[in-house]
Amino acid sequence: MKDETILNHDTYEDQHGAVVPPLYQNSLFTFKDWDAIDRAFDDKAGNFIYSRLLNPTVKVAEDKIAQLCRGEKAKLCASGIAAVTSAILHCVRAGDHIITISNIYGPTNTFISSYLKDKFNISVTYVSGTQVSEFKDAIRDNTTLIFLESPASLTFELQDLRAVAKLAKQHDIKTAIDNTWASPLFQKPLELGIDIEIHSVSKYICGHSDVVAGVVVGSKEIIDAIITAEHELLGAKMAPFEGWLITRSLRTLALRMRAHQENAHHIAAFLERYNEVKRVFWPGLKSFAQYDLGQEQMSGYGGLMSFELATKDISKIKNFVNALQLFKLGVSWGGHDSLVYAPVISYLKELSPENFHAMGINESIIRVSVGLEDKEDLIADLEIAFQSI
Ligand SMILES: *Cc1c(COP(=O)(O)O)cnc(C)c1O
Numbered sequence: 000m001k002d003e004t005i006l007n008h009d010t011y012e013d014q015h016g017a018v019v020p021p022l023y024q025n026s027l028f029t030f031k032d033w034d035a036i037d038r039a040f041d042d043k044a045g046n047f048i049y050s051r052l053l054n055p056t057v058k059v060a061e062d063k064i065a066q067l068c069r070g071e072k073a074k075l076c077a078s079g080i081a082a083v084t085s086a087i088l089h090c091v092r093a094g095d096h097i098i099t100i101s102n103i104y105g106p107t108n109t110f111i112s113s114y115l116k117d118k119f120n121i122s123v124t125y126v127s128g129t130q131v132s133e134f135k136d137a138i139r140d141n142t143t144l145i146f147l148e149s150p151a152s153l154t155f156e157l158q159d160l161r162a163v164a165k166l167a168k169q170h171d172i173k174t175a176i177d178n179t180w181a182s183p184l185f186q187k188p189l190e191l192g193i194d195i196e197i198h199s200v201s202k203y204i205c206g207h208s209d210v211v212a213g214v215v216v217g218s219k220e221i222i223d224a225i226i227t228a229e230h231e232l233l234g235a236k237m238a239p240f241e242g243w244l245i246t247r248s249l250r251t252l253a254l255r256m257r258a259h260q261e262n263a264h265h266i267a268a269f270l271e272r273y274n275e276v277k278r279v280f281w282p283g284l285k286s287f288a289q290y291d292l293g294q295e296q297m298s299g300y301g302g303l304m305s306f307e308l309a310t311k312d313i314s315k316i317k318n319f320v321n322a323l324q325l326f327k328l329g330v331s332w333g334g335h336d337s338l339v340y341a342p343v344i345s346y347l348k349e350l351s352p353e354n355f356h357a358m359g360i361n362e363s364i365i366r367v368s369v370g371l372e373d374k375e376d377l378i379a380d381l382e383i384a385f386q387s388i
């Protein structure tokens, strides 16, 4: 089945002909006798026993996401970061070494560079990720995981997924990718040889800015191992109602992604022509440094982008952001609503100025999540804000 059909056609058992899968708002499941519950425990990850491990409403969404990603199995979690940390913990033991990219999502970075280091003596090497040779050179005897994010969600550098997956397999190293930006529609990392695909479902998959959730996708072997270890023991499970909302959201994922892409392309092209803008970071632009690699491994582009204002005057940058009416000021992204954010606001509270600049960013970088409003209205909003600089 094609993606649009997977998203909109249900294969679950008939429930009185209900067109929407029912909400099983329950914590446990009962059995008709001793033998039945005994048998269920033979496959804890695959039978309905207790909703911390498996719930039928959540499973409807998990099965669709697994199919969409061309994976054998998916597990929804309480947040994107729960999916990230579960996947990483699955791949490492105390004393191991991880390779990741310098511009990895902030909390993922903190988990690896400080939490895992302090508690489990796990070390990390950062690479820009744009050359496969960087990964090769960083491999050590104790490297067990290469953690990718392509495109990265602020400056949008890509990694060559097929080549990195091949390299990792030769060295018996697992690969995981945070695929949130491209969504399961526009990039299929498992088909390119990556072992574990992760999404912050809070972004495009849910898309309505009303749920915080995450998902891990991969082989049945890997996902079952995560379910009976990290998921069961750390407990970052998804609530049934959130699973129900996610199935609702999945119906329109393909339509929404096409609209995000169209609006984003229009706005990126507008920004690129604008004098007040020095650079635009969006992999869908022909001027993007890794445009060809993007064309090869993605089939479309998400709506999150950033740009550098020509001015370095912080009061003018503030005026610009404050003048926007349709782009609301806030964190997160990937919803129906257009958003604006300036990394300088919070990053400099968490990073030293040197580390901030080492990310290839500066005080003049503005990030926008292009939503589903009319694209000409969004352009008009930007034009008015530029006049305030
Ligand atoms: C938001 C985000 C996460 C974390 O997801 P939550 O659902 O907020 O926990 C992880 N990776 C990327 C790229 C994100 O943007």
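Okay, so the sequence shown: first residue is 0 according to numbering that gives the first Met the number 0, each after it adds one.
Don't be surprised by glycine CBs; every beta carbon is placed ideally from N, CA and C.
The alpha helix (DSSP H) spanning F269 covers which residue range? Stepping through the sequence shown from its first residue, residue 269 is reached at position 270. Looking at the DSSP string, the run of the alpha helix (DSSP H) that includes F269 is 252–272.
With a threshold of 16 other CB atoms inside 10 Å of the CB of Q186, please say whether the residue is buried or exposed. If you number the sequence shown from 1, residue 186 lands on position 187. Its Cβ being crowded by 16 or more others within 10 Å, Q186 is buried.
Can you tell me the Cα-Cα spacing of A137 and S113, whole angstroms? Here residue 137 corresponds to residue number 138 of the sequence shown, with the count starting at 1. Here residue 113 corresponds to residue number 114 of the sequence shown, with the count starting at 1. C-alpha separation (whole angstroms): 19 Å.
Can the beta-carbon of D224 be found less than 8 Å from the beta-carbon of H89? As a first step, residue 224 must be located in the sequence shown, where it is residue number 225. As a first step, residue 89 must be located in the sequence shown, where it is residue number 90. Note that residue 224 is Ala in the sequence shown here, rather than Asp. It is a contact, given that the beta carbons lie within the stated cut-off.
Enumerate, from N- to C-terminal direction, the unbroken beta strand (DSSP E) stretches of 3 or more residues contained entirely within the stretch 9–78. 72–76
Going by DSSP, what residue range makes up the alpha helix (DSSP H) through Y125? Residue numbering aside, residue 125 sits at position 126 when the sequence shown is read from its first letter. First-last for Y125: 122–126, but that is the beta strand (DSSP E), not the alpha helix (DSSP H).
Using a Cβ-based criterion (distance less than 7 Å to any ligand heavy atom), does G213 qualify as near ligand 1? Counting from 1 along the sequence shown, the entry for residue 213 is found at position 214. Yes, the Cβ of G213 comes within 7 Å of a heavy atom of ligand 1.
Does S113 come out as helix, strand or coil in the three-state DSSP assignment? Here residue 113 corresponds to residue number 114 of the sequence shown, with the count starting at 1. Note: S113 maps to helix in three-state DSSP.
Between which two residues does the beta strand (DSSP E) harbouring V276 extend? If you number the sequence shown from 1, residue 276 lands on position 277. 276–280 is the span of the beta strand (DSSP E), which, as asked, contains V276.
Do F146 and I87 have their C-beta atoms within less than 8 Å of each other? By one-based count along the sequence shown, residue 146 stands at place 147. By one-based count along the sequence shown, residue 87 stands at place 88. In contact: F146 and I87 (Cβ atoms closer than 8 Å).
Give a yes or no on contact between the stretch 305–315 and the stretch 368–380, applying the rule of three or more CB pairs nearer than 8 Å. no
Please classify K31: is it buried, with 16 or more other beta-carbons within 10 angstroms of its beta-carbon, or exposed? Residue numbering aside, residue 31 sits at position 32 when the sequence shown is read from its first letter. The residue in question, K31, is exposed, as its Cβ has fewer than 16 Cβ neighbours within 10 Å.
First and last residue of the uninterrupted alpha helix (DSSP H) at Y340: Here residue 340 corresponds to residue number 341 of the sequence shown, with the count starting at 1. First-last for Y340: 338–340, but that is the beta strand (DSSP E), not the alpha helix (DSSP H).
Looking at ligand 1, does it come within less than 7 Å of D291, judged from the CB to the closest heavy atom? What you label residue 291 is simply residue 292 of the sequence shown in a count that begins at 1. For ligand 1, not one heavy atom lies less than 7 Å from the Cβ of D291.
Which partner residues of R161 appear in the DSSP bridge assignment? Start at 1 with the first residue of the sequence shown, and residue 161 comes out as number 162. The partner list for R161 (beta bridge, DSSP) is empty, contrary to what the question assumes.
Entirely within the stretch 155–218 and at least 3 residues each: give me those beta strand (DSSP E) ranges in chain order. 173–177, 195–199, 213–217
Cα-Cα separation, I176 to W33: As a position in the sequence shown, residue 176 is number 177, starting the count at 1. As a position in the sequence shown, residue 33 is number 34, starting the count at 1. Those two C-alpha atoms are separated by around 42 Å.
Got a sec, what are the start and stop residues for the alpha helix (DSSP H) T4 sits in? Within the sequence shown, numbered from 1, the residue matching residue 4 stands at position 5. Looking at the DSSP string, the run of the alpha helix (DSSP H) that includes T4 is 2–7.
I need the straight-line Cα distance from A167 to K173, nearest angstrom please. Residue 167 sits at position 168 when you count from the first residue of the sequence shown. Residue 173 sits at position 174 when you count from the first residue of the sequence shown. Distance between the alpha carbons of A167 and K173 is about 7 Å.
Cutting at 6 Å between CB atoms, please list the residues of its own chain near E61, excluding the five before and the five after it. To locate residue 61, count along the sequence shown from 1; it is residue 62. A73, L75, listed in sequence order.
Given that a residue counts as buried once 16 or more other Cβ atoms are within 10 Å of its Cβ, and exposed if not, what is A379? For the purposes of this step, residue 379 is identified with residue 380 of the sequence shown, where counting begins at 1. Its Cβ having fewer than 16 others within 10 Å, A379 is exposed.
Does the separation of the CB atoms of L184 and G293 fall below 8 Å? Numbered from 1 along the sequence shown, position 185 holds the residue referred to as residue 184. Numbered from 1 along the sequence shown, position 294 holds the residue referred to as residue 293. Contact flag unset, no.
By Cβ distance, which residues of its chain are closer than 8 Å to I36, with the 5 residues on each side in sequence left out? Looking up residue 36 in the sequence shown gives position 37. Answer for I36: F30, I48, listed in chain order.
Applying the 10 Å Cβ sphere with the 16-neighbour rule, what's the burial state of H356? Residue numbering aside, residue 356 sits at position 357 when the sequence shown is read from its first letter. The residue is exposed, with fewer than 16 neighbouring Cβ atoms inside 10 Å.
Can the beta-carbon of V57 be found closer than 8 Å to that of G242? Within the sequence shown, numbered from 1, the residue matching residue 57 stands at position 58. Within the sequence shown, numbered from 1, the residue matching residue 242 stands at position 243. Going by C-beta atoms, V57 is nearer than 8 Å to G242.
Hey, A258 and E3 are a contact pair by Cβ (cut 8 Å); roughly how many whole angstroms apart? Here residue 258 is taken as the residue at index 259 of the sequence shown, counted from 1. Here residue 3 is taken as the residue at index 4 of the sequence shown, counted from 1. Their Cβ separation, rounded to whole angstroms, is 14 Å, which puts A258 and E3 out of contact at 8 Å.
Measuring CA to CA, which of P239, T246, S331, G283 is closest to L52? Here residue 52 refers to the residue found at position 53 when the sequence shown is read from its first residue. Of the candidates P239, T246, S331, G283, the one whose C-alpha sits nearest the C-alpha of L52 is P239.
For S331, report the span of its alpha helix (DSSP H) as first-last. For this step, residue 331 is matched to residue 332 along the sequence shown. No alpha helix (DSSP H) holds S331; DSSP gives it neither H nor E.
Residue burial classification, H198 (beta-carbon count within 10 angstroms, cutoff 16): Working through the sequence shown from its first residue, we reach residue 198 at position 199. So H198 counts as buried.
Output the distance between the C-alpha atoms of I360 and P342, rounded to the nearest integer angstrom. Counting from 1 along the sequence shown, the entry for residue 360 is found at position 361. Counting from 1 along the sequence shown, the entry for residue 342 is found at position 343. Computed Cα separation, rounded: 9 Å.
Counterpart residues of M304 in DSSP-defined beta bridges: The residue labelled residue 304 in the question sits at position 305 within the sequence shown. In the DSSP output, where bridge partners are listed per residue, M304 has V367.
Measuring CB atoms only, is the stretch 266–274 touching the stretch 244–253, in the sense that at least three cross pairs come out at less than 8 Å? no
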